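If you read the sequence shown in this note's numbering, its first letter stands for residue 2, the second for the next number, and so on. Where a beta carbon is used, it is the ideal one built from N, C-alpha and C, also for glycine. Since the model is a prediction, treat every value here as computed from it, not as a measurement.
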Amino acid sequence: MTTHLSPALQRIAASPTTAMTDRASALRAEGRDIISLSVGEPDFATPPHVLAAAHAALDAGDTRYTPVTGTAALKQAVALHFARDLGLPTDPAQVIVTAGGKQAIFEALAATVSEGDEVIIPAPWWVSYPQMVRFAGGTVVPLQTSAADGFRFEAAALEVLITPRTRWLLLNSPGNPTGAVFPPAMLDDVAEVLRRHPHVLVMSDDIYAPLIYTGQAHVTLAARHPDLAERVLTVSGVSKSHAMTGFRIGVATGPAWLIEAMGRLQSNACGNPASISQAAAVAAFNGPQDFLSGWRETFRSRRDMVVAAVNAEPGLSTPVPDGAFYCLVDAAPLHDRFGGDDTKLALHLLEHGVAVVAASAFGGSFGFRISFAADEALLADAMRRIAAAVQ
Ligand code: GLU
């Protein structure tokens, strides 16, 4: 059959995280017993006050188009969120609301990356960053990090990768899939480098900001170094913080020209994010945030349980992630048994009833990512299955 795929589309594959999750769902629908630890999605119920706001919006007939880049009420609430939770003073006029953080990142890259532009991404990275860069015609420049270095990088290692074609540096802390948290001193060094290279834009994906387990406060580049704020796009959302993945609400703030460009693209691609979801997000940002400390504590104890179980297993190891809800498991001793292909390892684990995502999908070395955003009993069962599968 003749297909008509564009060169841009041919440069990308389907998202490995969502592909594995869809596969796990399909197997479950066939009656297979599969524990899905493949997607980063809190298992907690969405807070009741958020659901009440969604119901109220439906009852009020709030079912029409909204302004493309978000309602005035939500932009106000987002400005409050950035200022209160990230220490980033924000003008609501410089806010865009998108269908998930994913869409904000995609729009920013699509609006700014030209054929041959380079985008520096610390690796291991979230699966969709490189795909989005390639779709836009850009070249991915990996900034390799390792477990031994806590998945952090030296500013000097960043600087040698910067060329006149560098368009963006992508930062994600706490990071997916590593859980690495960039300390303030590291951001200070990065800021020094950036000051020497004024043509480089920075994307700071702060979606996991509320989930740091060390007691440290979250630090974001544009807040700590306001002189750089005019070239930083800071991305956040409610998916992880308020267990609202299905609502699809992401938010971003950055320079006015970039927010305008993203909005221009959004107005032609999809229009406004769902009106009901926006009403729910207003309640999420404006409402109580105190439940988060309980969630954080639960995630922390799940993390400890999964880390201990992984490290007890010969052939598997993982550092302790400081944030987010992922463990990046190194399975190097199993490399030869699976022909060096960790996708085969992931499929083997799926055969044993656990869905995870191969580390290679994240630009990581042989292994897999576990999402520990699942309840303790399921996690314990999953770890038993993983142990049985690798023995
Ligand atoms: N960001 C989450 C993950 O990595 C959600 C799925 C996705 O969009 O990749 O699992």
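Smallest Cα separation from residue i: which of the options?
i	options	result
Thr179	Gly151, Thr19, Asp206	Gly151
Arg225	Phe369, Pro90, Ala27, Leu10	Pro90
Arg24	Gly324, Glu352, Arg85, Val142	Glu352
Pro68	Gly117, Thr47, Val96, Val201	Val96
Phe1	Thr72, Ala275, Ser237	Only positions 2 to 392 of the chain appear in this structure, which leaves residue 1 out of reach.
Ile387	Thr4, Leu6, Leu38	Leu38
Val311	Gln392, Pro8, Ala325	Gln392
Val134	Thr146, Glu108, Phe154, Ala148	Glu108
Gly102	His198, Ala313, Ala309, Leu234	Leu234
Phe183	Ala157, Val220, Arg196	Val220
Mind checking residue i: buried by the 16 CB within 10 Å criterion, or exposed?
i	result
Ala230	buried
Trp126	buried
Arg273	It is Asn, not Arg, that sits at residue 273 in the sequence shown. Answer is buried; the Cβ neighbour count reaches 16.
Met384	buried
Pro185	exposed
Asn269	exposed
Val98	buried
Gln279	buried
Cys271	exposed
Ala223	buried
Thr3	exposed
Val161	exposed
Pro320	buried
Starting from the C-beta of residue i, find all residues in its chain whose C-beta is less than 6 Å away, skip the five residues before and the five after it, and write them out in chain order.
i	result
Thr140	Glu119
Leu172	Ser205
Phe367	Ala332, Ala333, His336, Asp343
Val239	Met245, Ile250, Ala282, Ala285
Thr215	Asp323
Leu170	Ile121, Val201, Val203
Ser129	Ser16
Ile260	Gln95, Ile97
Flag residue i as yes if its beta-carbon sits less than 8 Å from any beta-carbon of chain C, otherwise no.
i	result
Leu188	No chain C appears in this structure, which consists of one protein chain only.
Considering only residues of the same chain and omitting the five flanking positions on each side of residue i, which have a CB-CB separation below 7 Å?
i	result
Thr164	Glu119
Glu42	Thr246, Ala374
Glu116	Gly138
Arg168	Thr113, Val114, Asp118, Glu119, Val120, Gly139, Leu202
Glu377	Arg303, Met306
Leu195	Val201, Val203, Leu229
ask   = Per the contact definition of three or more C-beta pairs closer than 8 Å, is the stretch 29–37 in contact with the stretch 59–67?
value = no
ask   = Are three or more beta carbon pairs between the stretch 78–90 and the stretch 249–256 nearer than 8 Å?
value = yes
task = May I have a chain-ordered list of the beta strand (DSSP E) segments no shorter than 3 residues that lie completely inside the stretch 285–356?
result = 327–331
ask   = Considering only residues of the stretch 208–247, which uninterrupted beta strand (DSSP E) runs meet the minimum length of 3 residues and lie entirely inside it, listed in chain order?
value = 233–238
key: Contiguous beta strand (DSSP E) assignments of at least 3 residues, all confined to the stretch 60–123   = 96–99
inquiry  = Across the stretch 11–27 and the stretch 354–369, are there enough close Cβ pairs to call them in contact, namely three or more that are closer than 8 Å?
reply    = yes
message = Ignoring anything shorter than 4 residues, give me the alpha helix (DSSP H) runs that lie fully in the stretch 136–223, in order along the chain.
response = 156–160, 185–196
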